[in-house]
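With full-length UniProt numbering, the residue at position 13 of the sequence shown is 13, and numbering never jumps.
Just so you know, even glycine gets a beta-carbon here, dropped at the ideal spot from N, CA and C.
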Amino acid sequence: MGRALVWKLNARLHNRMYRYISGHASDDVLFMNWAYEEDPAMAIPLDPTDEPHRYPIQLYHSVAAQNGGLAGMRVLEVGCGHGGGASYIMRTFGAESYVGLDLNAVGITFCRRRHHVPGLEFIEGDAEQLPFRAESFDAVINVESSHFYPHFTQFLSEVTRVLRPGGEFLYTDIRQWYQCDQWEADLEATGMRMVAGRDINKQVLRGMELNKPQWDAVWDRIAPGFLRSIGSAPTTGTPLSRDLENGKQFYRMYCLTKG
Numbered sequence: 001m002g003r004a005l006v007w008k009l010n011a012r013l014h015n016r017m018y019r020y021i022s023g024h025a026s027d028d029v030l031f032m033n034w035a036y037e038e039d040p041a042m043a044i045p046l047d048p049t050d051e052p053h054r055y056p057i058q059l060y061h062s063v064a065a066q067n068g069g070l071a072g073m074r075v076l077e078v079g080c081g082h083g084g085g086a087s088y089i090m091r092t093f094g095a096e097s098y099v100g101l102d103l104n105a106v107g108i109t110f111c112r113r114r115h116h117v118p119g120l121e122f123i124e125g126d127a128e129q130l131p132f133r134a135e136s137f138d139a140v141i142n143v144e145s146s147h148f149y150p151h152f153t154q155f156l157s158e159v160t161r162v163l164r165p166g167g168e169f170l171y172t173d174i175r176q177w178y179q180c181d182q183w184e185a186d187l188e189a190t191g192m193r194m195v196a197g198r199d200i201n202k203q204v205l206r207g208m209e210l211n212k213p214q215w216d217a218v219w220d221r222i223a224p225g226f227l228r229s230i231g232s233a234p235t236t237g238t239p240l241s242r243d244l245e246n247g248k249q250f251y252r253m254y255c256l257t258k259g
């Protein structure tokens, strides 16, 4: 079986998994992204209600803070999941407004029920056909979801379209080792200026290890048996973490600005 076909089958499985989790999650399942921790520890101050989600939050925090913060900005997050990152960023970074968009209708229903923050709204929509006018946003955030978009370059074209001149694309995601050259080429082809880009495998692995008790408790509660058996949770001791350790996958973080 070819690599491309395996990747497509994996994408289909994970999209169904996310819909399943959204339909069965309790209100404490606010994050579905992997985790992040630096050395020495980031030690960002968190509210007591945010503390259980420290390591997924630190991934969002690091992405959002790449180019000086989001104060006064109109922000769009594409692929907002269960909205935990959107809520944290809106409460922490002083954005003027924040729109969380996701294709998963069940997830958007969850977000609207769970998160009530002034200036924050959630919309069902397609990453490859963003339902917004050109130059509508000062920043677009995308955390760990673009690797399953059917047409990644179309998504990048939409990001470029909805950003105002000087706007920021704040982005983190994962790719298989053999996809990385094309990944970089696709980002360069947008015409946006690369402000920062780095591998964060070590930081993600460290975060996954520290977040393991929290994630395992969630996973055991809501994941069906076949998902537990194949070890598809983003935690240590699984194929996902071993691929990061062995360099078969790369997790990277980027900041690009539109000219």
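So, using beta-carbon positions, are residue i and residue j closer together than 9 Å?
i: Ile141; j: Ile57; result: no
i: Phe169; j: Tyr251; result: no
i: Lys202; j: Thr235; result: no
i: Glu96; j: Gly207; result: no
i: Ser146; j: Phe152; result: yes
i: Leu59; j: Gly85; result: yes
Buried or exposed: which applies to residue i, given that a residue is buried once 16 or more other Cβ atoms fall within 10 Å of its Cβ?
i: Trp34; result: buried
i: Gly94; result: exposed
i: Lys248; result: exposed
i: Gln66; result: buried
i: Arg198; result: exposed
i: Ile200; result: buried
i: Glu144; result: buried
i: Ser53; result: In the sequence on display, residue 53 carries His and not Ser. Burial call: buried.
i: Phe177; result: The question names Phe, but residue 177 is Trp in the sequence shown. Counting Cβ neighbours within 10 Å, Trp177 comes out exposed, since fewer than 16 surround it.
Check residue i in the structure and name its three-state DSSP category.
i: Val204; result: helix
i: Arg133; result: coil
i: Ser97; result: strand
i: Tyr55; result: helix
i: Cys80; result: coil
i: Ala139; result: strand
i: Asp199; result: strand
i: Asp126; result: strand
i: Glu158; result: helix
Based on the DSSP output, what are the partners of residue i in its beta bridges?
i: Met194; result: Leu256
i: Arg114; result: Arg114 pairs with nothing; no bridge assigned.
i: Gln176; result: Gln249
i: Val75; result: Tyr98 and Ala139
i: Tyr88; result: Per DSSP, none; premise fails for Tyr88.
i: Tyr171; result: Asn142 and Tyr254
i: Asp28; result: None; Asp28 has no bridge partner.
i: Leu120; result: Tyr98
When the Cα of residue i is compared with those of the options, which residue comes out closest?
i: Phe110; options: His116, His82 and Pro118; result: His82
i: residue 296; options: Gly100, Gln179, Ala43 and Asp216; result: Because the chain in this structure spans residues 1 to 259, residue 296 falls outside the shown range and cannot be described.
i: Phe148; options: Thr238, Leu103, Ser241 and Arg74; result: Leu103
i: His116; options: Ser87, Gln179 and Leu240; result: Ser87
i: Arg164; options: Asp181, Ala43 and Leu256; result: Leu256
i: Thr49; options: Ser62, Val63, Asp28 and Gly68; result: Asp28
i: Thr160; options: Arg112, Leu187 and Gly125; result: Leu187
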